[in-house]
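Student: In our numbering, the protein residues as written are 3 to 299.
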Amino acid sequence: MNDLIEDFLHFLIVEKGLSDNTLHAYKRDLNYFANYMEETRQIMDPEKIERADIVGFLGYARKDGKSPRSVARYLASLRSFFHFLLHDGKVSHDPMIQIETPKQAKELPKVLNLDEVEKLLAAPDGKTVYGLRDIAMLEVLYATGLRVSELIHLKMDDLHLQMGFIQTIGKGDKERIIPLGSAATKALLNYLENGRPKLRSSKYRADEVFLNHHGKGMSRQGFWKNLKQLAVKAGIEKSITPHMLRHSFATHLLENGADLRSVQELLGHADISTTQIYTHVTKARLKDVYKEFHPRA
Numbered sequence: 003m004n005d006l007i008e009d010f011l012h013f014l015i016v017e018k019g020l021s022d023n024t025l026h027a028y029k030r031d032l033n034y035f036a037n038y039m040e041e042t043r044q045i046m047d048p049e050k051i052e053r054a055d056i057v058g059f060l061g062y063a064r065k066d067g068k069s070p071r072s073v074a075r076y077l078a079s080l081r082s083f084f085h086f087l088l089h090d091g092k093v094s095h096d097p098m099i100q101i102e103t104p105k106q107a108k109e110l111p112k113v114l115n116l117d118e119v120e121k122l123l124a125a126p127d128g129k130t131v132y133g134l135r136d137i138a139m140l141e142v143l144y145a146t147g148l149r150v151s152e153l154i155h156l157k158m159d160d161l162h163l164q165m166g167f168i169q170t171i172g173k174g175d176k177e178r179i180i181p182l183g184s185a186a187t188k189a190l191l192n193y194l195e196n197g198r199p200k201l202r203s204s205k206y207r208a209d210e211v212f213l214n215h216h217g218k219g220m221s222r223q224g225f226w227k228n229l230k231q232l233a234v235k236a237g238i239e240k241s242i243t244p245h246m247l248r249h250s251f252a253t254h255l256l257e258n259g260a261d262l263r264s265v266q267e268l269l270g271h272a273d274i275s276t277t278q279i280y281t282h283v284t285k286a287r288l289k290d291v292y293k294e295f296h297p298r299a
């Protein structure tokens, strides 16, 4: 089955042009499925897989501690995989046809409040080159709602600070233009003038905006590690993630009167239903405020 998975991944690269992250997700999901089929069901030929085998796999994944979201993702990966196999003549039937995707309860995004954002932005030591870099990264992330992958892959040519915007390539290779606020622009200029030149290395000559101590572009893991340390320093007790700043960006915009379509465009969501989850966050926060302050709540 591994060869067929590789064929499928090649098809996704050539025909669909999917991002590396999406390809890795497909590969991880399908390898997990293939290992189950081989070790538990002793099936290595997709032609022999029936609906009962898929149902057994889903039950196994749940017992293995996989979240409902992960199980739903496995289903989506398997649907695409067997559709490819059927279309390519590798199997004569599709065992996914009668498999229903379970409905998921939408989990509201976790966000920082304004006070927590201010504390986090003030946490890096602006007297060091790393502090200047971290201030700039946090300010840009909160000012633009970029995904972390988009932030760490920002190139110098993507910055248009005199005109007050940056450009990025998001999911599906879609380019979008995002305005920068004055605070983020100031932090970026300070880092570019006083921080980045000291981090550059003649060995690597990286053109990423944000560099690590080797002079290479910052990694997702490196930024996450720094973020967790800064959150502790800022006294934030929530379990913080890089995506939380993106959630906070969207939520705070809506709370202050931005319209949903504008927030959708800024975030780079293909479907507005993805953006609508933030309206539920603002409603939930309004209910909390009402309960706390209304005398008869």
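For every residue, glycine included, the Cβ atom is placed at its ideal position computed from N, Cα and C.
Quick caveat: nothing in here was measured; it's all calculated off a predicted structure.
(1) For residue 205, name the three-state secondary structure that DSSP assigns.
(2) Let me make sure I understand the geometry here. Which of 249, 88, 56 and 234 has the alpha-carbon closest to that of residue 10?
(3) Take residue 173 and list the residues in its own chain whose beta-carbon comes closer than 6 angstroms to its own, dropping the five residues that flank it on each side.
(4) So, for residue 225: in the same chain, excluding its five sequence neighbours on each side, which residues have a beta-carbon less than 7 angstroms away from its beta-carbon?
(5) Using the C-alpha atoms, what's the distance from residue 65 back to residue 146?
(6) Measuring alpha carbon to alpha carbon, tell me which residue in 233, 283 and 96 is nearest residue 83.
(7) Expressed to the nearest angstrom, what Euclidean distance is found between the alpha-carbon atoms of residue 266 and residue 46?
(8) Per the DSSP calculation, residue 171 is bridged to which residue(s)?
(9) I'd like the span of the alpha helix (DSSP H) that includes residue 196, first residue to last.
(10) Confirm, please, whether the CB-CB distance from residue 76 to residue 13 is below 8 angstroms.
(11) Between which two residues does the alpha helix (DSSP H) containing residue 152 stretch?
(12) Output needed for residue 196: all residues of its chain with C-beta closer than 7 angstroms, excluding positions within five of it in sequence on either side, in chain order.
(13) DSSP state of residue 110, grouped into three classes?
(14) Give the single residue among 21, 30 and 118 whose Cα lies nearest to the Cα of residue 239.
(15) Since I believe residue 148 is in contact with residue 248 (beta carbons under 8 angstroms), could you give me their beta-carbon distance rounded to a whole number of angstroms?
(16) From the DSSP output, in three-state form, read off residue 213 for me.
(17) Along the alpha helix (DSSP H) that carries residue 64, what are the first and last residues, could you check?
(18) Helix, strand or coil for residue 20 per DSSP?
(19) Just the C-alpha distance for residue 329 and residue 63, rounded to the nearest angstrom, thanks.
(20) What's the gap between the Cα of residue 177 and the Cα of residue 261?
(21) Across which residues does DSSP place residue 162 in a beta bridge pair?
(22) Exposed or buried, what is residue 71 when buried is set at 16 or more other beta-carbons lying within 10 Å of its beta-carbon?
(23) On the three-state DSSP scale, how would you describe residue 68?
(24) I believe residue 59 touches residue 38 by the beta-carbon criterion, under 8 angstroms. Please report the beta-carbon distance rounded to the nearest angstrom.
(25) What's the gap between the Cα of residue 142 and the Cα of residue 237?
(26) Whole angstroms is fine: what's the gap from residue 207's alpha carbon to residue 8's?
(27) Identify whether residue 129 lies in helix, strand or coil by the three-state DSSP scheme.
(28) For residue 57, count the other beta carbons within 10 Å of its own beta carbon; 16 or more makes it buried, fewer makes it exposed. Which is it?
(29) Assuming residue 101 and residue 43 make a contact with CB atoms under 8 angstroms, what is their CB distance in whole Å?
Tutor: In short, the structure shows the following:
(1) Here residue 205 corresponds to residue number 203 of the sequence shown, with the count starting at 1. DSSP places residue 205 in coil when its eight states are reduced to three.
(2) Counted from its first residue, the sequence shown places residue 10 at position 8. Residue 88 is the option with its Cα nearest to residue 10.
(3) Mapped onto the sequence shown, residue 173 falls at position 171. Excluding positions up to five away in sequence, the list is empty.
(4) Here residue 225 is taken as the residue at index 223 of the sequence shown, counted from 1. Around residue 225: 139, 150, 154 and 244.
(5) Counting from one through the sequence shown, the residue named residue 146 turns up at place 144. Counting from one through the sequence shown, the residue named residue 65 turns up at place 63. For residue 146 and residue 65, the distance between alpha carbons rounds to 39 angstroms.
(6) For this step, residue 83 is matched to residue 81 along the sequence shown. Looking at the Cα atoms, 96 is the closest of the given residues.
(7) Here residue 266 refers to the residue found at position 264 of the sequence shown. Here residue 46 refers to the residue found at position 44 of the sequence shown. Between residue 266 and residue 46, the C-alpha separation is close to 43 angstroms.
(8) Counted from its first residue, the sequence shown places residue 171 at position 169. Beta-bridge pairing links residue 171 to 177.
(9) Locating residue 196 in the sequence shown gives position 194, where the first residue counts as 1. Note, residue 196: alpha helix (DSSP H), 184–196.
(10) Start at 1 with the first residue of the sequence shown, and residue 13 comes out as number 11. Start at 1 with the first residue of the sequence shown, and residue 76 comes out as number 74. Not in contact: residue 13 and residue 76 (Cβ atoms no closer than 8 angstroms).
(11) Here residue 152 refers to the residue found at position 150 of the sequence shown. Segment 150–154, the alpha helix (DSSP H) holding residue 152.
(12) Against the sequence shown, residue 196 aligns to sequence position 194. Around residue 196: 134.
(13) As a working note, residue 110 is residue 108 in the sequence shown. Note: residue 110 maps to coil in three-state DSSP.
(14) Here residue 239 refers to the residue found at position 237 of the sequence shown. Nearest option by C-alpha distance: 118.
(15) Counting from one through the sequence shown, the residue named residue 248 turns up at place 246. Counting from one through the sequence shown, the residue named residue 148 turns up at place 146. Indeed, because the Cβ distance is near 7 angstroms, the residues count as touching under 8 angstroms.
(16) Here residue 213 refers to the residue found at position 211 of the sequence shown. In the structure shown, residue 213 sits in a strand (DSSP, three-state: E or B).
(17) Here residue 64 corresponds to residue number 62 of the sequence shown, with the count starting at 1. Residue 64 -> alpha helix (DSSP H) spans 53–65.
(18) If you number the sequence shown from 1, residue 20 lands on position 18. If DSSP states are grouped into helix, strand and coil, residue 20 belongs with coil.
(19) Past the edges of the chain, shown from 3 to 299, lies residue 329, and the structure says nothing about it.
(20) Position 175 of the sequence shown, counted from the start, is the residue given in the question as residue 177. Position 259 of the sequence shown, counted from the start, is the residue given in the question as residue 261. Cα-Cα distance, rounded: 21 angstroms.
(21) On the sequence shown, position 160 is the one that residue 162 refers to. Partner(s): 167.
(22) As a first step, residue 71 must be located in the sequence shown, where it is residue number 69. With fewer than 16 other Cβ atoms within 10 Å, it is exposed.
(23) Translated into positions along the sequence shown, residue 68 becomes position 66. Looking at residue 68 - three-state DSSP - the assignment turns out to be coil, as it is neither helix nor strand.
(24) Stepping through the sequence shown from its first residue, residue 59 is reached at position 57. Stepping through the sequence shown from its first residue, residue 38 is reached at position 36. Between residue 38 and residue 59 the Cβ distance is about 5 angstroms, and since that is below 8 angstroms, they are a contact.
(25) Residue numbering aside, residue 142 sits at position 140 when the sequence shown is read from its first letter. Residue numbering aside, residue 237 sits at position 235 when the sequence shown is read from its first letter. Taking the straight line joining both Cα atoms gives about 21 angstroms.
(26) Counting from one through the sequence shown, the residue named residue 207 turns up at place 205. Counting from one through the sequence shown, the residue named residue 8 turns up at place 6. Answer to the nearest angstrom: the Cα atoms are 34 angstroms apart.
(27) By one-based count along the sequence shown, residue 129 stands at place 127. It is coil, neither helix nor strand.
(28) Mapped onto the sequence shown, residue 57 falls at position 55. Answer is exposed; the Cβ neighbour count stays below 16.
(29) Counting from one through the sequence shown, the residue named residue 101 turns up at place 99. Counting from one through the sequence shown, the residue named residue 43 turns up at place 41. Rounded, the Cβ-Cβ distance is 16 angstroms, inconsistent with contact.
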